[in-house]
Structure formats: structure tokens, C-alpha cells
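Worksheet: the structure to be examined is printed underneath.
There are 2 protein chains.
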Amino acid sequence: MATGSAAKKSEPEPLVILEQFLPYRLNVLAGLTSSALAQIYADRFGLSIPAWRVIVTLGQYEARTARDMAPDGVMHKSTVSRAVSALEKRGLVVRRPNLDDRREEWLALTPDGRAIYEAVAPEALAVEERLLSVLTPQEQKTLAALIDKLTRQARVLAPQSAEEGDS
Amino acid sequence: MATGSAAKKSEPEPLVILEQFLPYRLNVLAGLTSSALAQIYADRFGLSIPAWRVIVTLGQYEARTARDMAPDGVMHKSTVSRAVSALEKRGLVVRRPNLDDRREEWLALTPDGRAIYEAVAPEALAVEERLLSVLTPQEQKTLAALIDKLTRQARVLAPQSAEEGDS
DNA sequence: CACAATTCGTTGCACCGGCAACGAGATTCT
DNA sequence: AGAATCTCGTTGCCGGTGCAACGAATTGTG
């Protein structure tokens, strides 16, 4: 008790300073970067965030099942399901049955889908680069390492994941 | 062209590696920390993310208008409006008209609201601390600086903000 | 002073995403 | 083989949130 000068009536001291609170700052930053990215994939290509992730994943892996799309529970399976349906309807993704396990289906980009991928990806990378341009290469490495550490720890503290956000 | 070995038929190389893509990783991390925090303010106190932010802000500043609640456009004004309504209905926040400008109203915590604030805040800080416990004090300072730099830059790249996430 | 232009906050609308229940298919145990 | 259990993916439902239009109030301008 009796810290410093003020022991007045009801002079409530702030316990949390939002601007310095790590989770808050992480969310602001993540939100801003998402916003910057959305200009590309949403405004210019009509892709939702989950759709963008599906496109990128298929561009990266050639063929995956819907479940593989959410390795660590970052996206909900219902979210993936709806994103894939939308992409299929637009002719950007095709499904082929997996004969070994007929519960799941293989997903792949169509030529149109790949075309979009090849149009969006470089621009997304450009945004990332512009973001990182304010950091030195050394700082970038440090940042990556810190994010890794924190993510591992956050995965321990969070329930069983499934968050949502964007990329 | 002719990079390395493969110039096969249609051997599409991945352009973006999601797991290394900064915006993605930031969103995963932010989502996980939100998830960890939500255990506290949502599950235990029935607060939504915006409600939590309103409570913290009022705990910090004593009295603010609804508009002050979203300084940099982090929350939408409609989001704030609904959060305040909900909190008022629960008797955690009161409004008092601002006679100088009757378009806006002053918001403040009720005793009940402050009680909740004083119960939640320490726990939220504890989560933050557990998160940061995997970093040395030096790393924590570095992290804060990097987040600052990136946030400033992201604010330049993003349209005029308004993202959403949580704290 | 009157009239436009701006600002604060609310609300109807639509969309998005999580949850949980479900059906179809696979796996395991007896 | 048959029954219970588990897994993949879809879908109805609901709460949350952004958007845009709006009413009320204030500010600026002729």
C-alpha cells in the first residue's frame, strides 16, 4: 500500500495499459497487415481470407484434402468446406474422389485457379516485402525467431486452438 | 529461367510458403493469444472482445466518449456502440450526457463494472506474463520495438484501417 | 440568421465464421 | 461378420461485425 503520493479517495489506477498490452498490440498489427493484404486478394480478386489460404496452400502443395488445409487448427473445417465450395463454384478448384478413403476428396487448382494464384502471390509477397522493408535483415531474422517462440508458447496456453484471422 | 534441375512439364513451384509468410504467422500468433485470453474474459466473465476492450479502456481512463474508444480505427464505431449497449444493460457501464456537445456521451464504469475490471485485469496480465516468460527481458524489449516499427509501416500500407481481432 | 457540410452514435441488413449435429465411410474389438 | 467407435466433410443455426443509411447535433459559410 501507500505507493508514492496519492492515497486519495477513489483514485483508481489503471492496471492494464492497452497500448502496451502484448495481445492487443499483436492483434492490431495482425489486423493492419490483413487489411493491407485484403486490398489485393479481396478487392482485386474477390477472394475471402479462407479462400486465399486455400489457393495458396494448393499452389504450394499441388493436391491436398480439406483436412490438411488446417494443420494446426488455424481454420475451422466448416470454414474450409465453405471456402472450397465457393472456389469450386467459380471454377478455381476441382475435387477428385480419393478411392483409398472415400470420405475425403483430393483438391487441386484448375488452370484458372493457378492463373489467379500466379497473379496474386507475387503481389502478396510484395506487400510482405514492403512491410519488412523497415527492418534490417538481422531484425527480420530476430523477428521470425521471436514469433516462433511466442507461437509455441501460445499454443500451450490456448485451449485446443482454432482461432481465425487472416493471412 | 532454367533454375537448377527441373524444367519438366508443368512442375509448378510454390511462390508463397504459407508457414513462412509474415502476415499469416502474425495472424496465427494473434489468434492463439486471443484464444488464450478469451478463456479469461469470455468464458469466465461473459465479455466479448469489444466489451473487454471497453472495460479496459474505461478502467484506464475513467471517462471517455464512445469515439475515443477506437483511437486508430481498431474497432468499428458500430462495434463499440453495441458493446457499450450490452455493458450498460448489464449495469457495468453508465452513460452521462455531455452538455457541451450533446451528440456524444460520457462513459464510465459503474462500481460493478470496476469490480469486474479489477478481477479480470490481473488475470489478463498473468496470461501476458506467461506468454512473455519464454523471452528474456532483452528479447521482450526487442520484440516491442519490432512490433512498433511494423505497426507504423502497416498503418501506412493499410487503407484507412478498421481491422478487427481481439486483445 | 439560414443553409450546407461535418461529426457522433445507432440500427437494419447481409455476410462470415464457430458450433454442434449429422450422414457416409473407415476402423477396431469381440 | 456385427456392433461400437472414430474420422472426414457438410449444413442449419446463431451470434458477431462491417457497411451504409439515418437522425440528431454542431460547425462553417454566405
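Residue numbers (the numbering used here), protein chains in the order written: chain A, 24 to 190; chain G, 24 to 190. Using N, Cα and C, we set each Cβ at its ideal position, and we do this for glycine too.
- Ranked by how close their Cα comes to the Cα of A59(A), the residues P46(G), R118(G) and A65(G) have P46(G) in first place.
- With a threshold of 8 Å between beta carbons, P160(A) makes no contact with chain G.
- Partner residues in the beta bridge of V117(G), as assigned by DSSP, are A131(G).
- Against chain G, the CB of G114(A) has no partner CB under 8 Å away; the residue lies outside that interface.
- For the region 79-97 of chain G, the beta-carbon criterion of a distance under 8 Å to any beta-carbon of chain A is satisfied by V79, T80, G82, Q83, Y84, E85, D95 and V97.
- Y140(A) and A109(A) have their C-alpha atoms spaced approximately 16 Å apart.
- Your pair V116(A) and L130(A) checks out as a contact, with CB atoms roughly 6 Å apart and the cut at 8 Å.
- Residue burial annotation: A149(A) is exposed, with fewer than 16 other C-beta atoms found within 10 angstroms of its C-beta.
- By alpha-carbon distance to L169(G), the top candidate from E127(A), A177(A), A93(A) and T159(A) is T159(A).
- DSSP places S108(G) inside the alpha helix (DSSP H), whose first and last residues are K100 to K112.
- Here I78(A) is buried. Its C-beta has 16 or more other C-beta atoms within 10 Å.
- The C-beta of T165(G) comes closer than 8 Å to at least one C-beta of chain A.
- If you draw a 10 Å sphere on the C-beta of N50(G), you find 16 or more other C-beta atoms in it, and that means buried.
- Of all residues in the region 119-145 of chain G, only R137, Y140, E141, A144 and P145 come within less than 8 Å of chain A when Cβ atoms are compared, listed by chain position.
- Residue-level contact by beta carbon holds for R48(A) and chain G, with a gap shorter than 8 Å.
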